[in-house]
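Accompanying notes for the structure given below.
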Amino acid sequence: MPVIAHFSDIHLGQVRPGPDGPDGGARAEARAARVMAYLEALPGRIDAVLVTGDIADHGAPEEYAAAARVLASGRWEVLTCPGNHDVREAYRAGLLGEEPSAGPVNRLHELPGLTVLAADSSIPGRDEGRIDEETLAWLDTTLSRARRDVPAVVAFHHPPVVLHAPYVDEIRLLDEQRLAAVLRCHPQVAAVLCGHAHTPAATAFAGLPLAVAPGVVSTVTLPFEGGEGIVFDHPPMLAFHILDEQRRLTTHHRIVLP
Ligand SMILES: [Fe+2]
Ligand SMILES: [Fe+2]
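Counted from 1, the sequence shown has number 124 at position 124 by this note's numbering; the numbering is strictly sequential.
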């Protein structure tokens, strides 16, 4: 039964003004490092670690240098996809060690017993998302070639449904019907995994479970919770997804205390 550790929105480089002055991005990096340390201390095995975008806050090269440092600090390989705060050229160069280029960053990871498609839902320069033509074709082709007897999860940044969190619903994934049509053609897809919302949420899309990972750097609150909409004082969280023999997804959440 594959186990996926899933967290999101580490926003490295985000500077939060504090009582002692701006933190210079130290807070965001420290929170991401806490999550990595939690995973590193696990006595048991997990099969994949996934971070669903907003790796950097401004898409700056030094933010990806920090991401490469933090995300490579443990014994698990960390799979990523870009978010609206990421910049494709700098992401490729700094995080993947590739030539900078502006096309969507789509990656297939064929792990033992699990296929992960990490797709790019970002629209350069915009906060809302879309699975563009190139990525849609990549998903369809890649899923057509992938083994049918191995469950697959499709991961990208922007949730394709309303989460009743107005702050993020306005900048969710656009044109989601075309993505749903592609996913429905590939029965080995067991779940859709997203970030962007900065709140752990469970819902459904295209007849599949859709799990939204908590945001590490901050938490978005719901209208009936009051407040400003973004809380910086909640501790970071992560999700553990378990895919059983029936390809049923079960998700547990953990708070990561200092
Ligand atoms: Fe974010
Ligand atoms: Fe985002």
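By construction, the Cβ of each residue, glycine as well, lies at the ideal position given by its N, Cα and C atoms.
Any 3 or more C-beta pairs closer than 8 Å across the segment 67-82 and the segment 153-171: Verdict: yes, contact present.
Where alanine 152 falls: helix, strand or coil (DSSP): Alanine 152: strand per DSSP, three-state reduction.
Phenylalanine 7 classed as buried or exposed, judged by whether at least 16 other C-beta atoms fall within 10 angstroms: Flag for phenylalanine 7 reads buried.
Threonine 221 versus Asp169, Leu95, Gly129, Val116, residue with shortest Cα-Cα distance: Per the Cα distances, Asp169.
Option nearest arginine 178 by Cα separation, candidates Pro258, Asp140, Pro200, Glu99: Arginine 178 has its Cα closest to that of Asp140, out of Pro258, Asp140, Pro200, Glu99.
Residue environment, glutamate 176, which counts as buried when at least 16 other CB atoms sit within 10 Å: Buried is the call here.
Ligand 2 heavy atom lying under 8 Å from the CB of aspartate 127: Correct: aspartate 127 has its Cβ closer than 8 Å to ligand 2.
According to DSSP, residues forming a beta bridge with glutamate 110: DSSP lists Thr115 as partners of glutamate 110.
Own chain, CB closer than 6 Å to proline 22, minus 5 neighbours either side, in chain order: Correct list, in chain order: Val15.
Sub-9 Å separation of alanine 68 and glutamate 29 beta-carbons: Cβ atoms of alanine 68 and glutamate 29: not closer than 9 Å.
Candidates His234, Val116, Gly59, Val189: closest to tyrosine 91 by CA position: For the set His234, Val116, Gly59, Val189, the Cα lying nearest the Cα of tyrosine 91 is the one of Gly59.
Reduced DSSP secondary structure (H/G/I, E/B, other) of proline 17: Proline 17: coil per DSSP, three-state reduction.
Sheet register partners of leucine 249 (DSSP bridge): DSSP lists Leu243 as partners of leucine 249.
Pairwise C-alpha distance: threonine 135 and proline 104: C-alpha separation (whole angstroms): 7 Å.
Opening and closing residue of the beta strand (DSSP E) in which leucine 193 lies: If you look at leucine 193, you'll find it in the beta strand (DSSP E) that goes 189-194.
Neighbourhood of histidine 234 by C-beta distance below 6 Å, restricted to the same chain and skipping five residues each side: These residues qualify, in order along the chain: Thr219.
Aspartate 132 Cβ short of 8 Å to ligand 2 heavy atom set: Exclusion of aspartate 132 from the 8 Å shell around ligand 2 follows from its C-beta lying no nearer than that to any non-hydrogen atom of the ligand.
Three-state secondary structure (DSSP) of arginine 254: Looking at arginine 254 - three-state DSSP - the assignment turns out to be strand.
Endpoints, the alpha helix (DSSP H) within which threonine 142 is located: Where threonine 142 is concerned, the enclosing alpha helix (DSSP H) stretches over 133-145.
Residue of His109, Gly74, Gly97, Ile171 minimising C-alpha distance to serine 122: Of His109, Gly74, Gly97, Ile171, the smallest CA-CA separation from serine 122 is found for Ile171.
Nearest to serine 73 (by Cα), restricted to the options Thr142, Ala213, Ala32: Residue Ala32 holds the alpha-carbon nearest to the alpha-carbon of serine 73 among Thr142, Ala213, Ala32.
Alpha helix (DSSP H) segments (min. 4 residues) lying fully within the segment 7-95: Every unbroken stretch of the alpha helix (DSSP H) spanning 4 or more residues and falling wholly within the segment 7-95 is given here in chain order: 26-40, 61-71, 88-91.
Proximal residues to histidine 257 (C-beta, below 7 Å), its chain only, five neighbours per side dropped: Reading off the sequence shown, one finds leucine at residue 257, where the question assumed histidine. Cβ within range, chain order: Pro235.
Residue burial classification, alanine 26 (beta-carbon count within 10 angstroms, cutoff 16): Residue environment: alanine 26 is assigned as exposed (fewer than 16 neighbouring CB atoms within 10 Å of its CB, all protein chains considered).
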